[in-house]
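So in the numbering used here, the last spot in the sequence shown is 382, and the numbers never skip.
Below is one structure; the comments refer to it alone.
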Amino acid sequence: MTGGHPAGPGRDATGGPEVATVGETMVVLTPDPVASLERADRLGVSVGGAESNLAVALAGLGHRVGWVSRVGDDPFGRRVVRHVTDAGVDALVEVDPTAPTGVYLKDPDPGRTAVHYYRSGSAASRLGPDALDDRRLAGVRLLHLTGVTAALSPSCAALVEYALTDRPLGAARISFDVNHRTRLWPPTAAAPVLRRLADRADVVLVGQDEADTLWGCADPAAVRALLPGPDLVVVKDAGIGATLLPRTGPAVFVPALRVPVREPVGAGDAFAAGFLSGLLRDLAPRDCLRLGHLCAAPTLTVPGDTAPPPGQELVGRLLALPAAAWAQLDPVGVGLIPAVPRRAGGSDPDVPRRAGGNDPDRSSR
């Protein structure tokens with residue numbers, strides 16, 4: 018892995034992060050201005066990936082974060098690393114001279130964005146268990162993994178299995194976002210693997226739609242019954258809210274915020290970052306879920322995969338709201354998101370929907 022990074026926001030004084038995440042980040046090509054890929058004349062370039070999206074959001078919330086990955090020895094790889102490090106994340110990255118950096122393209126469509134992957138044989142698909150051997154991970158408190166990594170290649174699947182079974186980072190808590198991508202692997206193949214991996218984690222995040230598709234779980238209680246192992250299970254329903262189900266004790270539900278959705282990709286990663294930030298700060302369960310929603314909301318209003326998280330003062334005020342006030346919260350009115358301008362011709366922007374933090378399926382290859 019590359020060395021010699023100067024100490025920065027992603028590191029403590031000894032050179033190690035408090036949070037680490039492992040996975041692929043790609044260059045994202047998006048029609049600009051918004052149009053279908055079939056008709057677009059220009060493409061904007063950005064960067065995205067579930068694990069680095071979370072790392073960037075956590076760094077924005079003030080945490081020391083390390084992102085472990087591989088990139089190609091190419092301009093896209095350098096752009097990916099620069100994007101992550103500019104956000105204050107420590108990039109613990111190996112540069113592969115023989116495999117490319119992955120790319121994906123967004124294809125906007127009213128109500129849903131399709132994403133087409135070009136990642137087969139990418140540098141990150143060569144990640145394996147030895148990626149976690151870096152001594153700079155010795156002080157990590159939380160390791161975050163996703164089901165996307167488990168689907169990329171046999172070596173990536175072995176990495177996730179090793180992390181959850183052998184616990185190479187010692188006492189570090191492990192969170193696992195199921196993040197099922199149907200064309201990376203169909204539900205019949207993914208369901209038993211993702212169930213086994215999730216049940217070995219300490220904290221699990223899963224969309225209600227994913228749980229239904231994979232395991233036939235119709236509600237959060239069914240998910241909790243299926244996964245007895247984790248200390249905490251969070252079930253996200255994008256149109257309704259999120260439910261936290263501890264191993265013992267009552268479930269906690271927090272409704273999502275109503276926001277005008279411009280682009281849903283990345284919202285689930287932002288929700289996970291907010292929720293995990295709350296855990297790291299020992300916030301109450303309700304406030305962990307609220308912080309997840311507060312981080313997801315801005316991400317839904319931008320064309321990219323990430324958005325700056327809300328400031329500390331605003332977060333403090335909104336976490337303290339009574340339940341009734343939270344349920345009626347106007348994200349624009351409190352300054353959480355900007356007002357959405359009306360489209361040319363006077364038409365309304367996208368109809369507001371609740372920011373529950375589920376991402377669309379980014380699964381075409």
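Where is the CB? At the ideal position from N, CA and C, for every residue including glycine.
{"Item": "Below 7 Å CB to CB, which residues in the same chain sit around Gly66 once its five sequence neighbours on both sides are set aside?", "Value": "Gly40, Glu41, Thr42 and Met43"}
{"Item": "Going along the chain, which residues of its own chain have a beta-carbon closer than 7 Å to the beta-carbon of Glu227, five neighbours each way excluded?", "Value": "Val195 and His197"}
{"Item": "Quick one: is Val62 buried, meaning 16 or more other Cβ sit within 10 Å of its Cβ, or exposed?", "Value": "exposed"}
{"Item": "Does the stretch 146-165 come within contact of the stretch 292-303, defined as at least 3 CB pairs closer than 8 Å?", "Value": "yes"}
{"Item": "Helix, strand or coil: which one does DSSP assign to Ser53?", "Value": "coil"}
{"Item": "Check for me: the alpha helix (DSSP H) holding Asp286 runs from which residue to which?", "Value": "Ala284 to Leu297"}
{"Item": "Near Thr260, what residues of its chain come up, given a Cβ to Cβ distance below 6 Å and the 5 sequence neighbours on each side ignored?", "Value": "Pro237, Val252, Ala268 and Phe270"}
{"Item": "Quick check on Leu106: does DSSP put it in helix, strand or coil?", "Value": "The displayed chain sequence assigns Val, not Leu, to residue 106. In this structure, Val106 counts as coil in the three-state DSSP scheme."}
{"Item": "Would you list, in sequence order, the uninterrupted beta strand (DSSP E) runs of no fewer than 3 residues that lie entirely inside the stretch 178-218?", "Value": "190-194"}
{"Item": "Leaving out five residues before and five after Val36 in sequence, what residues of the same chain have Cβ atoms less than 6 Å from its Cβ?", "Value": "Leu75, His80, Val82 and Leu159"}
{"Item": "According to the neighbour-count rule (16 or more other Cβ atoms, all chains shown, within 10 Å of its Cβ), is Ile257 buried or exposed?", "Value": "exposed"}
{"Item": "Run through DSSP, which three-state label would Arg275 get?", "Value": "strand"}
{"Item": "Please look up how many angstroms separate the CB atoms of Leu395 and Leu338, rounded, as I've assumed it's under 8 Å.", "Value": "Here the chain has residues from 18 to 382 only, and residue 395 is not among them."}
{"Item": "Whole-angstrom Cβ separation of Leu109 and Val85, contact assumed at under 8 Å?", "Value": "5 Å"}
{"Item": "Which residues bound the beta strand (DSSP E) around Thr163?", "Value": "Leu159 to Thr163"}
{"Item": "Taking Val220 and Pro247 to be in contact with their CB atoms under 8 Å, please state how far apart those CB atoms are, rounded to whole angstroms.", "Value": "6 Å"}
{"Item": "Under three-state DSSP, which class holds Glu68?", "Value": "helix"}
{"Item": "Output yes or no for whether 8 Å exceeds the beta carbon distance between Ile386 and Ala180.", "Value": "There is no way to answer for residue 386, as the model of the chain reaches only from 18 to 382."}
{"Item": "Identify whether Gly233 lies in helix, strand or coil by the three-state DSSP scheme.", "Value": "coil"}
{"Item": "Along the chain, where does the alpha helix (DSSP H) containing Val332 start, and where does it finish?", "Value": "Gln329 to Leu336"}
{"Item": "Thr42 by DSSP, collapsed to three states: which one?", "Value": "coil"}
{"Item": "Starting from His310, trace the alpha helix (DSSP H) in both directions and tell me its first and last residue.", "Value": "Pro302 to Thr316"}
{"Item": "Would you call Arg359 buried or exposed, if buried means 16 or more other Cβ atoms sit within 10 Å of its Cβ?", "Value": "Interpretation of Arg359 is limited by its pLDDT of 46, a score under 50 that renders its predicted location unreliable; the figure taken from the coordinates is listed afterwards. By the 10 Å Cβ count, Arg359 comes out exposed."}
{"Item": "Would you identify the three-state DSSP class for Gly156, choosing helix, strand or coil?", "Value": "coil"}
{"Item": "Indicate whether Val349 and Ala341 have their beta-carbon atoms separated by less than 8 Å.", "Value": "no"}
{"Item": "Is Asp113 buried or exposed, if buried means 16 or more other CB atoms sit within 10 Å of its CB?", "Value": "buried"}
{"Item": "In the DSSP assignment, find the unbroken alpha helix (DSSP H) run with Ala342 in it and report its ends.", "Value": "Ala340 to Ala344"}
{"Item": "Assign Asp322 to one of two classes, buried (16 or more other C-beta atoms within 10 Å of its C-beta) or exposed (fewer than that).", "Value": "buried"}
{"Item": "Output the boundary residues of the beta strand (DSSP E) element that contains Arg383.", "Value": "It is not possible to answer for residue 383, since the shown part of the chain is limited to 18 through 382."}
{"Item": "Which partner residues does Val223 have in the DSSP bridge list?", "Value": "Val252"}
{"Item": "Quick check on the DSSP output: the beta strand (DSSP E) that includes Pro263 runs from which residue to which?", "Value": "Gly258 to Pro263"}
{"Item": "Which term fits Pro209, buried or exposed, when burial requires 16 or more other beta carbons within 10 angstroms of its beta carbon?", "Value": "exposed"}
{"Item": "Any idea if Pro315 is buried or exposed, counting beta-carbon neighbours within 10 angstroms, 16 or more meaning buried?", "Value": "buried"}
{"Item": "Tell me the DSSP bridge mates of Arg129?", "Value": "Asp126"}
{"Item": "So, are the CB atoms of Ala218 and Asn70 less than 8 Å apart?", "Value": "no"}
{"Item": "Put Gly145 into one of helix, strand or coil per three-state DSSP.", "Value": "coil"}
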